[in-house]
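Residue numbers (numbering that gives the first Met the number 0), protein chains in the order written: chain A, 0 to 361; chain B, 0 to 361.
Using N, Cα and C, we set each Cβ at its ideal position, and we do this for glycine too.
Everything numeric in this text was worked out from a predicted model, so none of it was measured.
Protein chains: 2
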Amino acid sequence: MSFEPQSLTLPDPLPLDGGGTLAEARIAYETYGELAPDRSNAILLCHALTGDQYVASNHPLTGKPGWWERMVGPGKPIDTDRYHVICANVIGSCLGSTGPASIASDGAPYAMRFPVITVRDMVRGLVGLLDALGIERLHAVVGGSMGGMQALSLAANWPDRAERVLVIASTSRHSAQNIAFHELGRQAIMADPNWRQGDYYGADTPDNGLAVARMAAHITYLSEDGLTAKFGRNLQDRPEKSFGFDADFQVESYLRYQGSGFTRRFDANSYLYITRAMDYFDLAEEHGGSLAQAFAGGPARFCLVSFDSDWLYPTAESRHIVHALNAAGAPVSFVELSAPFGHDSFLLDVPALDRVVKGFVE
Amino acid sequence: MSFEPQSLTLPDPLPLDGGGTLAEARIAYETYGELAPDRSNAILLCHALTGDQYVASNHPLTGKPGWWERMVGPGKPIDTDRYHVICANVIGSCLGSTGPASIASDGAPYAMRFPVITVRDMVRGLVGLLDALGIERLHAVVGGSMGGMQALSLAANWPDRAERVLVIASTSRHSAQNIAFHELGRQAIMADPNWRQGDYYGADTPDNGLAVARMAAHITYLSEDGLTAKFGRNLQDRPEKSFGFDADFQVESYLRYQGSGFTRRFDANSYLYITRAMDYFDLAEEHGGSLAQAFAGGPARFCLVSFDSDWLYPTAESRHIVHALNAAGAPVSFVELSAPFGHDSFLLDVPALDRVVKGFVE
Numbered sequence: 000m001s002f003e004p005q006s007l008t009l010p011d012p013l014p015l016d017g018g019g020t021l022a023e024a025r026i027a028y029e030t031y032g033e034l035a036p037d038r039s040n041a042i043l044l045c046h047a048l049t050g051d052q053y054v055a056s057n058h059p060l061t062g063k064p065g066w067w068e069r070m071v072g073p074g075k076p077i078d079t080d081r082y083h084v085i086c087a088n089v090i091g092s093c094l095g096s097t098g099p100a101s102i103a104s105d106g107a108p109y110a111m112r113f114p115v116i117t118v119r120d121m122v123r124g125l126v127g128l129l130d131a132l133g134i135e136r137l138h139a140v141v142g143g144s145m146g147g148m149q150a151l152s153l154a155a156n157w158p159d160r161a162e163r164v165l166v167i168a169s170t171s172r173h174s175a176q177n178i179a180f181h182e183l184g185r186q187a188i189m190a191d192p193n194w195r196q197g198d199y200y201g202a203d204t205p206d207n208g209l210a211v212a213r214m215a216a217h218i219t220y221l222s223e224d225g226l227t228a229k230f231g232r233n234l235q236d237r238p239e240k241s242f243g244f245d246a247d248f249q250v251e252s253y254l255r256y257q258g259s260g261f262t263r264r265f266d267a268n269s270y271l272y273i274t275r276a277m278d279y280f281d282l283a284e285e286h287g288g289s290l291a292q293a294f295a296g297g298p299a300r301f302c303l304v305s306f307d308s309d310w311l312y313p314t315a316e317s318r319h320i321v322h323a324l325n326a327a328g329a330p331v332s333f334v335e336l337s338a339p340f341g342h343d344s345f346l347l348d349v350p351a352l353d354r355v356v357k358g359f360v361e
Numbered sequence: 000m001s002f003e004p005q006s007l008t009l010p011d012p013l014p015l016d017g018g019g020t021l022a023e024a025r026i027a028y029e030t031y032g033e034l035a036p037d038r039s040n041a042i043l044l045c046h047a048l049t050g051d052q053y054v055a056s057n058h059p060l061t062g063k064p065g066w067w068e069r070m071v072g073p074g075k076p077i078d079t080d081r082y083h084v085i086c087a088n089v090i091g092s093c094l095g096s097t098g099p100a101s102i103a104s105d106g107a108p109y110a111m112r113f114p115v116i117t118v119r120d121m122v123r124g125l126v127g128l129l130d131a132l133g134i135e136r137l138h139a140v141v142g143g144s145m146g147g148m149q150a151l152s153l154a155a156n157w158p159d160r161a162e163r164v165l166v167i168a169s170t171s172r173h174s175a176q177n178i179a180f181h182e183l184g185r186q187a188i189m190a191d192p193n194w195r196q197g198d199y200y201g202a203d204t205p206d207n208g209l210a211v212a213r214m215a216a217h218i219t220y221l222s223e224d225g226l227t228a229k230f231g232r233n234l235q236d237r238p239e240k241s242f243g244f245d246a247d248f249q250v251e252s253y254l255r256y257q258g259s260g261f262t263r264r265f266d267a268n269s270y271l272y273i274t275r276a277m278d279y280f281d282l283a284e285e286h287g288g289s290l291a292q293a294f295a296g297g298p299a300r301f302c303l304v305s306f307d308s309d310w311l312y313p314t315a316e317s318r319h320i321v322h323a324l325n326a327a328g329a330p331v332s333f334v335e336l337s338a339p340f341g342h343d344s345f346l347l348d349v350p351a352l353d354r355v356v357k358g359f360v361e
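In structure tokens form, the structure reads like this:
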């Protein structure tokens with residue numbers, strides 16, 4: 000993976016929830032739109048598990064359009080003619096920010112010597128970036144899925160840093176089922192002999208395990224109805240079943256494609272670390288067991304969005320957060336949108352979401 | 000896996016839906032209770048994907064009690080003081096019936112030379128067993144999950160062979176999501192280098208891949224609420240998170256245990272073949288695209304049971320079958336039971352199910 004992302008190195012070691020610090024943490028980021036002279040128009044976008052900083056510009060490895068082009072750009076709901084949009088690759092990831100593939104001080108990749116991080120650690124890195132960029136207070140922080148966790152963590156731990164907090168298709172803690180799916184993916188990676196306890200850099204990578212992990216995750220990103228509507232029991236490029244183990248069904252072909260494509264753009268160890276951070280995420284636990292306490296006294300306005308077909312982080316999870324915000328006396332709006340795409344709805348063509356985002360960030 | 004199951008070899012080659020035949024098919028089976036002199040009291044139990052013939056007797060490999068001891072035995076809902084209960088290992092499986100681990104005519108294991116079979120092929124094997132045992136007409140056929148598919152297939156294709164058909168937590172076809180989860184498991188097995196295109200007999204077996212496949216399946220067998228109630232975010236034998244990749248959470252430990260335990264009693268190739276058969280299952284497709292047509296004119300009485308927490312084969316799938324039975328003019332009763340255990344409810348402590356089973360088979 001050779002490309003030169005825009006990045007900066009944090010001046011101070013980054014303290015970590017697991018103890019210790021991460022020295023010389025590099026944060027890779029992209030920006031879109033001009034920063035106002037008074038620095039009042041910055042919007043921080045937080046990416047999801049396998050996302051990156053390329054929100055509205057082509058991905059340097061795949062050449063594909065940014066992951067939220069539909070939402071971010073001139074005249075779009077997050078209007079880069081008005082706002083300065085910042086998106087950074089989280090620490091632990093593999094698109095330029097410090098993660099397990101990065102070179103440690105001894106000249107070798109961290110691999111599994113990289114510290115286990117939390118969502119709050121990721122946000123510490125983002126706050127460090129904002130400090131370095133001289134942005135004291137965000138117009139808004141916005142995130143879907145794990146990006147929503149980061150937005151919540153910022154609001155809870157650095158309450159003065161964002162005026163608006165928009166959380167889409169997210170949760171304040173990982174459920175047992177969420178953990179189970181991630182553990183399945185991790186076990187698939189670790190079962191791949193190429194994984195070699197994480198020391199595979201410069202050698203064959205554990206692509207088979209990572210592909211299986213991605214397939215498992217992908218099932219959770221789609222709804223059953225969506226899968227049925229998109230694929231049903233349709234066969235792939237053949238009139239009849241093969242009575243073999245090829246990808247007879249379109250859904251099989253789709254999953255194999257998703258799995259193998261993913262391995263070309265993502266590092267298996269990063270997948271281990273980031274899923275672990277998500278599984279560890281429990282915002283109430285960080286704040287004395289009370290989610291309301293996490294948000295007590297903060298000045299921000301909140302907006303929560305869930306999707307009726309999202310079974311990964313169902314509406315009940317958003318409602319749980321809204322109840323806590325209500326208990327904390329925070330201004331919050333909440334809407335469950337109807338969309339057929341399951342959890343992935345936050346990335347896809349849901350015009351109602353565009354309107355909610357535009358309305359809230361203005 | 001060395002043990003000597005009770006079995007017989009079918010006298011005629013078994014015709015297969017994929018073309019060709021399976022010669023000298025061996026069917027391993029267990030029976031419980033006496034067959035009446037007029038042979039009128041036989042109940043055929045059909046097992047699920049990873050089930051076997053050891054319904055009410057100890058498993059020869061694990062030593063564990065039979066999988067439906069709570070339901071089958073003297074004085075139990077399926078009362079072996081009154082009924083002669085038969086349960087056979089399906090072809091393709093690995094507990095004594097002919098499957099990929101069996102020795103082919105050339106003296107080597109079939110491995111992936113074993114033909115891809117269907118649920119109807121499994122039932123052909125069961126009908127062959129009934130013929131060999133001289134049982135013309137069953138008092139009832141009973142099955143949960145894939146066992147329910149077999150019961151439906153028997154009713155549709157051999158309508159005079161069973162007076163009563165009891166189908167629990169099952170479906171008439173695999174959905175795209177069902178196929179996706181199975182494909183995930185198959186890819187995990189095939190990604191294991193020990194799999195060697197299926198030629199691993201006598202060598203190291205693809206336990207890691209099979210364990211991952213089992214973990215994926217297990218998640219689908221439980222409900223989210225059930226997982227939350229059973230495990231939540233509880234930690235396993237430790238006061239705090241380890242900030243490592245051990246099984247910190249109980250749900251991780253549980254899944255790892257389920258995965259590794261499974262490899263000691265099941266053959267990975269059998270897992271490939273049986274999941275394939277289930278994915279191919281579409282009872283309407285076999286009958287001109289009409290599920291009602293599948294059941295037209297049959298004399299049997301039906302009972303369908305679903306569970307409200309089963310998201311693998313949700314109640315809508317049972318209702319779909321009931322509608323077809325109604326359209327076919329077949330007598331059918333249907334109940335959705337409330338139980339917290341998800342799909343696995345059919346195997347667990349659900350007293351309401353005991354009453355339904357007892358009432359229907361009497």
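Answer with yes or no whether the minimum CB distance from I218(A) to chain B is below 8 angstroms.
Within the first sequence, residue 218(A) is the residue found at index 219, counting from 1. Chain B, which has a Cβ nearer than 8 angstroms to the Cβ of I218(A), makes this yes.
Do the CB positions of L221(B) and G341(B) come within less than 8 angstroms of each other?
Residue 221(B) sits at position 222 when you count from the first residue of the second sequence. Residue 341(B) sits at position 342 when you count from the first residue of the second sequence. Yes, the pair counts as a contact, with Cβ atoms nearer than the cut-off.
Would you please state the rounded distance, in angstroms, between the beta carbons of I178(A) and F248(B)? I believe it to be under 8 angstroms.
Reading the first sequence from its first residue, position 179 is the one you call residue 178(A). Reading the second sequence from its first residue, position 249 is the one you call residue 248(B). Confirmed, about 5 angstroms.
Using 8 angstroms as the limit for Cβ to Cβ distance, is D278(A) near chain B?
For the purposes of this step, residue 278(A) is identified with residue 279 of the first sequence, where counting begins at 1. Answer yes: the Cβ-Cβ gap between D278(A) and chain B drops below 8 angstroms somewhere.
When the Cα of V304(A) is compared with those of T262(A), G91(A) and L165(A), which residue comes out closest?
In the first sequence, counting from the first residue as 1, residue 304(A) sits at position 305. When each option's Cα is compared against that of V304(A), the closest is L165(A).
For the beta strand (DSSP E) containing H83(B), list its first residue and its last residue.
Locating residue 83(B) in the second sequence gives position 84, counting from the first residue. From DSSP, the beta strand (DSSP E) with H83(B) extends over H83 to A87.
Roughly how many angstroms lie between the CA atoms of P114(B) and I102(B), to the nearest whole one?
Start at 1 with the first residue of the second sequence, and residue 114(B) comes out as number 115. Start at 1 with the first residue of the second sequence, and residue 102(B) comes out as number 103. Going by the C-alpha atoms only, they are around 13 angstroms apart.
Mind checking who A161(B) pairs with in its DSSP beta bridge?
Taking the second sequence and counting its residues from 1, one reaches residue 161(B) at position 162. The partner list for A161(B) (beta bridge, DSSP) reads L137(B).
Label D11(B) either buried or exposed according to how many other C-beta atoms from any shown protein chain fall within 10 Å of its C-beta, with 16 as the threshold for buried.
Sequence index remark: in the second sequence, residue 11(B) carries index 12 (1-based). Exposed is the call here.
Using a Cβ-Cβ distance under 8 angstroms, would W178(B) count as near chain A?
Position 179 of the second sequence, counted from the first residue, corresponds to residue 178(B). For the sequence presented, residue 178(B) should be read as Ile rather than Trp. It does: the Cβ of I178(B) has a partner Cβ on chain A nearer than 8 angstroms.
Tell me whether N233(A) is buried or exposed, calling it buried when 16 or more other Cβ atoms sit within 10 Å of its Cβ.
Working through the first sequence from its first residue, we reach residue 233(A) at position 234. Answer is exposed; the Cβ neighbour count stays below 16.
I'd like to know whether the C-beta atoms of V211(B) and Q196(A) end up nearer to each other than 8 angstroms.
The residue labelled residue 211(B) in the question sits at position 212 within the second sequence. The residue labelled residue 196(A) in the question sits at position 197 within the first sequence. No, the Cβ-Cβ distance between V211(B) and Q196(A) is not below 8 angstroms.
May I have the straight-line CA-CA distance separating F244(A) from G243(B), to the nearest angstrom?
The count along the first sequence starts at 1 and reaches residue 244(A) at position 245. The count along the second sequence starts at 1 and reaches residue 243(B) at position 244. Between F244(A) and G243(B), the C-alpha separation is close to 37 angstroms.
Between the region 318 to 332 of chain A and the region 289 to 303 of chain A, can you find at least three pairs of beta-carbon atoms closer than 8 angstroms?
In short, these stretches touch, since the Cβ pair count reaches three.
Between M367(B) and chain A, is any beta-carbon pair separated by less than 8 angstroms?
Outside the modelled stretch of chain B, which goes from 0 to 361, sits residue 367(B), for which no answer is possible.
Who does L44(A) pair with in a DSSP beta bridge?
Within the first sequence, the letter at position 45 stands for residue 44(A). Answer is C86(A) and V141(A).
Return the CA-CA distance between D120(B) and L15(B), expressed in angstroms with no decimal places.
Stepping through the second sequence from its first residue, residue 120(B) is reached at position 121. Stepping through the second sequence from its first residue, residue 15(B) is reached at position 16. Cα to Cα, D120(B) sits roughly 6 angstroms from L15(B).
Establish whether the CB of S174(A) and some CB of chain B are separated by less than 8 angstroms.
Within the first sequence, the letter at position 175 stands for residue 174(A). Yes, contact with chain B.
Within 10 Å of its beta-carbon, does D37(A) have 16 or more other beta-carbons around it, so buried, or fewer, so exposed?
Residue numbering aside, residue 37(A) sits at position 38 when the first sequence is read from its first letter. Counting Cβ neighbours within 10 Å, D37(A) comes out exposed, since fewer than 16 surround it.
In angstroms, rounded to a whole number, what distance separates the CA positions of S144(B) and V118(B)?
Position 145 of the second sequence, counted from the start, is the residue given in the question as residue 144(B). Position 119 of the second sequence, counted from the start, is the residue given in the question as residue 118(B). Cα-Cα distance, rounded: 12 angstroms.
Suppose you measure from the CA of N193(B) to the CA of H173(B); what does that come to, to the nearest Å?
As a working mapping, residue 193(B) is identified with position 194 in the second sequence. As a working mapping, residue 173(B) is identified with position 174 in the second sequence. If you take the alpha carbons of N193(B) and H173(B), they lie about 29 angstroms apart.
Excluding the 5 residues preceding and the 5 following L34(B) in the sequence, name in chain order all residues of the same chain whose CB lies nearer than 6 angstroms to its CB.
Mapped onto the second sequence, residue 34(B) falls at position 35. H83.
Could you tell me whether the Cβ of D309(B) comes closer than 8 angstroms to any Cβ of chain A?
As a working mapping, residue 309(B) is identified with position 310 in the second sequence. No, D309(B) lies away from the interface with chain A (no Cβ there is under 8 angstroms from its Cβ).
Using 10 angstroms around the beta-carbon of G208(B), count the other beta-carbons present and answer buried if the total reaches 16, otherwise exposed.
The residue labelled residue 208(B) in the question sits at position 209 within the second sequence. Buried, because 16 or more other Cβ atoms sit within 10 Å of the Cβ of G208(B).
What are the start and end residues of each continuous alpha helix (DSSP H) run of 4 or more residues lying completely inside the region 184 to 222 of chain B, in chain order?
Those alpha helix (DSSP H) runs which fall completely within the region 184 to 222 of chain B and span 4+ residues are 206 to 220.
Are I320(A) and S92(A) close, meaning C-beta to C-beta below 8 angstroms?
Against the first sequence, residue 320(A) aligns to sequence position 321. Against the first sequence, residue 92(A) aligns to sequence position 93. Not a contact, by the Cβ cut-off of 8 angstroms.
Go through its chain and collect everything with a Cβ distance to R163(A)'s Cβ below 6 angstroms, but skip five positions before and after it.
Indexing the first sequence from 1 puts residue 163(A) at position 164. Correct list, in chain order: A139 and R300.
Have a look at H322(B) and G146(B) and give me their C-alpha separation to the nearest angstrom.
For the purposes of this step, residue 322(B) is taken as residue 323 along the second sequence, with counting starting at 1. For the purposes of this step, residue 146(B) is taken as residue 147 along the second sequence, with counting starting at 1. About 20 angstroms.
Would you call the region 226 to 241 of chain A in contact with the region 64 to 77 of chain A, where contact means no fewer than 3 C-beta pairs closer than 8 angstroms?
No contact exists between the region 226 to 241 of chain A and the region 64 to 77 of chain A.
Which same chain residues end up closer than 8 angstroms to T314(A) when comparing Cβ atoms and leaving out the 5 residues on each side of it in sequence?
Numbered from its first residue, the first sequence carries residue 314(A) at position 315. Cβ neighbours of T314(A) beyond the five flanking positions: S305, F306, D307 and E335.
Quick one: residues in its chain with C-beta nearer than 8 angstroms to the C-beta of Q149(B), no 5 flanking neighbours on either side, listed in chain order?
Taking the second sequence and counting its residues from 1, the one referred to as residue 149(B) is at position 150. Once the five neighbours on either side are set aside, the close Cβ partners of Q149(B) are C45, V89, V118, M121, V122, L125, V140 and G142.
Quick check on DSSP: helix, strand or coil for T363(A)?
Beyond the ends of chain A as shown, which are 0 and 361, falls residue 363(A); an answer cannot be given.
Mind checking whether P298(B) and D159(B) have CB atoms under 8 angstroms apart?
For the purposes of this step, residue 298(B) is identified with residue 299 of the second sequence, where counting begins at 1. For the purposes of this step, residue 159(B) is identified with residue 160 of the second sequence, where counting begins at 1. The answer is yes: Cβ separation under 8 angstroms.
I think L128(A) touches A87(A), with their Cβ atoms under 8 angstroms apart; what is that distance to the nearest whole Å?
By one-based count along the first sequence, residue 128(A) stands at place 129. By one-based count along the first sequence, residue 87(A) stands at place 88. Contact flag correct, Cβ pair sits at about 5 angstroms.
Checking the sheet assignment: what are the DSSP bridge partners for I362(B)?
Outside the modelled stretch of chain B, which goes from 0 to 361, sits residue 362(B), for which no answer is possible.
Is the Cβ-Cβ distance between L60(B) and R264(B) less than 8 angstroms?
Stepping through the second sequence from its first residue, residue 60(B) is reached at position 61. Stepping through the second sequence from its first residue, residue 264(B) is reached at position 265. Their beta carbons are under 8 angstroms apart, which means L60(B) touches R264(B) by this criterion.
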